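Number of protein chains: 2
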Amino acid sequence: MSDITIVDIAKQAGVSIKTVSRVINREEGVGPATRARVEDLIEKLGYRPNVSARSLSSRRSYLIGVVFMRVGAYHYVGEVQVGAMRACRRAGYHMVIEQVDDPGQARGPGLEQALKAGRFDGLVLPPPVCDDPEILAIIEAQGLSYVRVAPDRDFGRSPYVFMDDQQAAHDMTARLWDLGHRRIGFIDGPADHGSARRRREGYMTAMAERGVRVKPEWIAGGDFMPLSGLEAGDRLLGLPEPPTAIFAANDSMAMGVLSAASKRGLSVPADLSVVGFDDGPLAESSWPGLTTVHQPIAEMAEAAAEMLIEGFGDPRFRSRTAARQLDYHIVERGSSTSR
Amino acid sequence: MSDITIVDIAKQAGVSIKTVSRVINREEGVGPATRARVEDLIEKLGYRPNVSARSLSSRRSYLIGVVFMRVGAYHYVGEVQVGAMRACRRAGYHMVIEQVDDPGQARGPGLEQALKAGRFDGLVLPPPVCDDPEILAIIEAQGLSYVRVAPDRDFGRSPYVFMDDQQAAHDMTARLWDLGHRRIGFIDGPADHGSARRRREGYMTAMAERGVRVKPEWIAGGDFMPLSGLEAGDRLLGLPEPPTAIFAANDSMAMGVLSAASKRGLSVPADLSVVGFDDGPLAESSWPGLTTVHQPIAEMAEAAAEMLIEGFGDPRFRSRTAARQLDYHIVERGSSTSR
DNA sequence: CCACGATACGACAACGTTGTCTATGACGTT
DNA sequence: AACGTCATAGACAACGTTGTCGTATCGTGG
Chain A
1 MSDITIVDIA
11 KQAGVSIKTV
21 SRVINREEGV
31 GPATRARVED
41 LIEKLGYRPN
51 VSARSLSSRR
61 SYLIGVVFMR
71 VGAYHYVGEV
81 QVGAMRACRR
91 AGYHMVIEQV
101 DDPGQARGPG
111 LEQALKAGRF
121 DGLVLPPPVC
131 DDPEILAIIE
141 AQGLSYVRVA
151 PDRDFGRSPY
161 VFMDDQQAAH
171 DMTARLWDLG
181 HRRIGFIDGP
191 ADHGSARRRR
201 EGYMTAMAER
211 GVRVKPEWIA
221 GGDFMPLSGL
231 EAGDRLLGLP
241 EPPTAIFAAN
251 DSMAMGVLSA
261 ASKRGLSVPA
271 DLSVVGFDDG
281 PLAESSWPGL
291 TTVHQPIAEM
301 AEAAAEMLIE
311 GFGDPRFRSR
321 TAARQLDYHI
331 VERGSSTSR
Chain B
340 MSDITIVDIA
350 KQAGVSIKTV
360 SRVINREEGV
370 GPATRARVED
380 LIEKLGYRPN
390 VSARSLSSRR
400 SYLIGVVFMR
410 VGAYHYVGEV
420 QVGAMRACRR
430 AGYHMVIEQV
440 DDPGQARGPG
450 LEQALKAGRF
460 DGLVLPPPVC
470 DDPEILAIIE
480 AQGLSYVRVA
490 PDRDFGRSPY
500 VFMDDQQAAH
510 DMTARLWDLG
520 HRRIGFIDGP
530 ADHGSARRRR
540 EGYMTAMAER
550 GVRVKPEWIA
560 GGDFMPLSGL
570 EAGDRLLGLP
580 EPPTAIFAAN
590 DSMAMGVLSA
600 ASKRGLSVPA
610 DLSVVGFDDG
620 PLAESSWPGL
630 TTVHQPIAEM
640 AEAAAEMLIE
650 GFGDPRFRSR
660 TAARQLDYHI
670 VERGSSTSR
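From first to last, the protein sequence lines are chains A and B. Going by our numbering, 131 is the number at position 131 of the first sequence; the sequence numbering is gapless. Just add 339 to the spot in the second sequence (first one is 1) and you have our numbering.
Written out as structure tokens, the structure is:
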């Protein structure tokens with residue numbers, strides 16, 4: 001157990017604890033020589049400030065919370081955690097995770113108590129939590145600052161981090177076009193899903209720019225689940241003039257399309273190119289590997305945590321609505337090829 | 340923000356803060372009437388003890404850490420977190436996660452500092468962290484108590500939670516037998532992997548019990564990755580007398596077997612039964628769904644966190660080596676059928 | 001050489017709890 | 001009536017840090 005305290009450092013350095021405190025917190029008012037001496041001692045003794053004492057005194061907890069829902073795959077949440085953790089480590093913060101929909105845990109009171117007791121300095125809110133009005137209300141009622149990751153709506157309500165779904169879908173469509181595809185099908189996500197809408201917009205725009213009138217039957221409805229991808233793919237491939245490439249609004253549905261193709265004896269990518277969106281775990285492990293848009297999830301979460309941590313120095317931050325945009329990129333795997 | 344403190348409660352209740360403290364911590368020495376009055380007040384004012392003050396004074400942090408490596412899929416880690424979180428919530432603890440292998444974070448110093456600063460009451464260690472001697476050494480050097488989840492070796496080194504891999508594999512094999520399969524192939528995991536070894540043992544024992552001499556060529560080597568499953572499956576299916584059922588030591592490899600079967604034009608489960616082990620996300624989303632052994636990962640982590648929390652009341656716990664066994668069950672999906 | 005403003009540092013009181021020790025009654029026993 | 005015993009409760013000092021304010025010490029300009 002680390003039993004050395006600020007007092008020990010102070011004694012050995014022959015200074016007051018306040019001076020050590022100043023060094024730790026990079027405050028000014030310490031001479032270079034003294035600072036160096038104290039820093040060496042801290043290093044040598046492996047001293048770490050006691051978080052509890054610190055936060056008791058400073059009213060900061062050095063804790064960043066990540067609030068998430070257990071929904072579908074863990075991949076997204078995992079990436080978020082990894083990213084947020086990077087930022088936290090860098091800044092000497094810790095990361096606490098709070099889950100809001102475990103069966104039996106009323107999301108309201110459960111979350112509220114956890115937040116109260118946790119004394120978080122700030123929260124990172126990935127989807128879908130970042131778009132849940134009920135949860136946002138609870139958080140705001142506590143006066144906590146938070147940054148949303150890839151929110152669906154309510155832009156301007158709070159600081160957030162995002163990527164340009166529409167532009168990404170546009171690029172992907174353009175890439176298929178450049179590969180020689182002309183009949184490009186699209187599998188849509190849920191109607192109320194902002195990202196899905198933006199992805200469809202991107203597809204539509206790219207097609208329009210190239211002078212193509214997208215036939216209504218080229219767009220098949222889906223719900224982001226694999227089964228819906230299979231059904232939608234089946235419908236598209238059953239058309240009199242089936243598309244030569246299918247762009248699914250997420251990877252799961254693209255996987256469904258792969259199944260649909262295989263059911264019809266079509267081989268991918270020879271007979272059909274299939275591309276997705278997300279670059280989740282499926283994309284890499286499927287065979288053939290899925291060409292897809294890589295979402296910088298970890299990076300977005302990292303940026304979010306960073307914004308929070310930076311913001312604590314500046315209280316005005318809370319009321320500002322900052323936004324930070326991060327870059328996607330397209331990952332070329334085996335599921336798409338030129339026609 | 341919750342600005343009410345123990346002093347407010349004490350004043351309004353007309354008692355000393357110590358008495359309120361006693362009520363909060365369920366200590367004895369408080370009359371029923373007083374206790375009720377204080378409890379009501381706490382409820383009414385929505386008072387939550389300040390964690391920092393509490394842990395500063397009591398030298399307990401009310402923080403459980405989950406240390407994990409970013410390895411392969413997030414599913415396992417996700418389940419662990421969900422389970423541990425359940426236990427933490429119940430007991431009023433918070434859960435902090437620490438990652439040990441993010442690029443650029445030296446696992447040694449990085450973890451050590453995080454642990455020192457974090458002041459965890461205890462750690463939950465899922466695989467593969469629970470079998471990493473280097474990491475265990477660091478943790479033990481800090482004098483932290485920890486419970487391992489499904490460790491591979493070093494039983495007795497610390498308390499742990501586990502399930503009986505061997506028995507599960509035995510059961511699964513028996514089930515295939517009961518479905519009429521006689522030539523049952525097995526795809527092994529990495530040689531140095533304890534669970535893999537136990538699973539193979541289970542398979543062997545079940546076969547032996549039924550008087551079958553397992554031919555060496557029925558067992559194909561694998562490394563838990565999908566590709567190795569594909570190759571191993573290909574080898575098994577290429578035998579003069581191919582197995583009618585293949586039991587892969589994990590789901591990923593079972594997925595590979597599905598691909599191998601499809602490459603050969605065999606349909607699952609009509610021509611070949613395929614079963615896996617883990618019940619990860621792949622098992623449900625594959626087509627056909629994979630019959631597999633469900634590992635109670637979340638439950639194991641929950642039990643681990645519980646053991647830690649219970650143990651804090653009893654310091655002797657640290658030196659004891661407790662173990663808790665949890666039940667698996669077999670999930671029947673579409674990939675296996677009777678012959 | 002003095003006054004003066006910086007600069008560098010220290011003393012001391014918070015912060016909100018828990019741990020330890022002590023005080024007060026009520027009650028039963030001799 | 002005097003005395004222990006028990007249940008209940010409070011006073012007070014930690015815990016390890018930061019915030020506030022005060023005070024030496026130093027360099028500088030007049």
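Ideal Cβ positions, reconstructed from N, Cα and C, are used throughout, including at glycine. What you are looking at is a predicted structure, and each value in this text was computed from that prediction instead of being measured.
{"Check": "Three or more C-beta pairs below 8 Å linking the stretch 285-304 of chain A and the stretch 72-83 of chain A", "Outcome": "yes"}
{"Check": "Chain B contact for A:Arg316 (CB, 8 Å cutoff)", "Outcome": "Unreliable positioning characterises A:Arg316 in this predicted model, as indicated by a pLDDT of 46, which lies under 50. The coordinate reading is nonetheless provided below. A:Arg316 does not count as touching chain B."}
{"Check": "Selection of the stretch 413-446 of chain B by Cβ proximity to chain A, strictly under 9 Å", "Outcome": "Tyr413, His414, Tyr415, Val416, Gly417, Glu418, Gln420, Val421, Met424, Arg425, Arg428, Gly431, His433, Met434, Val435, Ile436, Glu437, Gln438, Asp441, Gly443 and Gln444"}
{"Check": "B:Arg521 burial status per 10 Å Cβ neighbour count (16 or more: buried)", "Outcome": "exposed"}
{"Check": "Contacts around B:Glu437, its chain only, beta-carbon distance under 6 Å, and the 5 residues preceding and following it disregarded", "Outcome": "Gly404, Val406 and Ala453"}
{"Check": "Any 3 or more C-beta pairs closer than 8 Å across the stretch 385-399 of chain B and the stretch 604-611 of chain B", "Outcome": "no"}
{"Check": "Any C-beta of chain A under 8 Å from that of B:Ser606", "Outcome": "no"}
{"Check": "Rounded separation between A:Phe247 and A:His170 - CA only", "Outcome": "11 Å"}
{"Check": "Cβ pair B:Ser534, A:Leu56 closer than 8 Å", "Outcome": "no"}
{"Check": "Host beta strand (DSSP E) of A:Thr292 (start-end)", "Outcome": "Thr292 to His294"}
{"Check": "Presumed contact (8 Å Cβ cut-off) between B:Ala588 and B:Gly528, rounded CB distance", "Outcome": "4 Å"}
{"Check": "Chain-ordered chain A contacts of B:Gln452 [CB-CB under 7 Å]", "Outcome": "Arg48"}
{"Check": "Chain-ordered neighbours of B:Ser497 on chain A, where CB pairs are closer than 9 Å", "Outcome": "Those do not exist, as B:Ser497 stays about 17 Å from chain A at its closest Cβ, beyond 9 Å."}
{"Check": "Minimum Cβ-Cβ distance from B:Gly572 to chain A less than 8 Å", "Outcome": "no"}
{"Check": "Terminal residues of the beta strand (DSSP E) in which B:Gly524 lies", "Outcome": "Ile523 to Ile526"}
{"Check": "Residues near B:Ser675 by beta carbon distance below 6 Å, same chain, minus five either side", "Outcome": "Pro608, Ser612, Val614 and Thr630"}
{"Check": "Buried or exposed (CB count within 10 angstroms, at least 16 for buried), B:Thr660", "Outcome": "exposed"}
{"Check": "Nearest candidate by alpha-carbon position, reference B:Glu382, set B:Gln634, B:Ser624, B:Arg492 and B:Ile345", "Outcome": "B:Ile345"}
{"Check": "Own chain partners of B:Gln634 with C-beta closer than 7 Å, once the 5 adjacent residues on each side are dropped", "Outcome": "Met502, Asp617, Asp618 and Tyr667"}
{"Check": "Spatial neighbours of B:Tyr432 in its chain, beta-carbon cut-off 8 Å, leaving aside the 5 residues before and after", "Outcome": "Tyr401, Leu402, Ile403, Ala426, Asp460, Ala644 and Ile648"}
{"Check": "A:Leu237 and A:Arg339 closer than 8 Å at C-beta", "Outcome": "no"}
{"Check": "Burial state of A:Ser158, where buried means 16 or more other Cβ atoms lie within 10 Å", "Outcome": "buried"}
{"Check": "DSSP-derived helix/strand/coil call for B:Arg487", "Outcome": "strand"}
{"Check": "Reduced DSSP secondary structure (H/G/I, E/B, other) of B:Asp361", "Outcome": "Note on identity: in this sequence residue 361 of chain B is Arg, with Asp being the wrong assignment. In this structure, B:Arg361 counts as helix in the three-state DSSP scheme."}
{"Check": "Inter-residue Cα distance where the pair is B:Ala622 and B:Met511", "Outcome": "15 Å"}
{"Check": "Span of the beta strand (DSSP E) around A:Ile64", "Outcome": "Leu63 to Phe68"}
{"Check": "Chain A contact residues for B:Gly449, given Cβ-Cβ distances below 8 Å", "Outcome": "Arg89"}
{"Check": "Ranges of the beta strand (DSSP E) found wholly within the stretch 477-563 of chain B, counting only runs of at least 3", "Outcome": "484-488, 499-502 and 523-526"}
{"Check": "Presumed contact (8 Å Cβ cut-off) between A:Ile184 and A:Pro243, rounded CB distance", "Outcome": "6 Å"}
{"Check": "Simplified DSSP assignment, three categories, for A:Ile6", "Outcome": "helix"}
{"Check": "Beta-carbon contacts of B:Ser567 that lie in its chain and below 7 Å, excluding the five residues immediately before and after", "Outcome": "Gly561, Met592 and Gly595"}
{"Check": "Within chain B, partners of A:Arg26 - CB distance below 7 Å", "Outcome": "Residues of chain B passing the Cβ test: none, with the nearest at roughly 16 Å."}
{"Check": "Proximal residues of chain B, C-beta to C-beta of A:Ser259 below 8 Å", "Outcome": "Trp626"}
{"Check": "heavy atom of the ligand SAM below 7 Å from B:Thr344 C-beta", "Outcome": "For the structure depicted, the ligand SAM is absent and the ligand set is empty, with no information on it obtainable."}
{"Check": "Closest by C-alpha distance to A:Trp287, when choosing among A:Gly311, A:Ala261, A:Met307 and A:Glu134", "Outcome": "A:Ala261"}
{"Check": "Nearest-angstrom beta carbon gap, B:Arg574 and B:Ala559 [assumed within contact, 8 Å]", "Outcome": "5 Å"}
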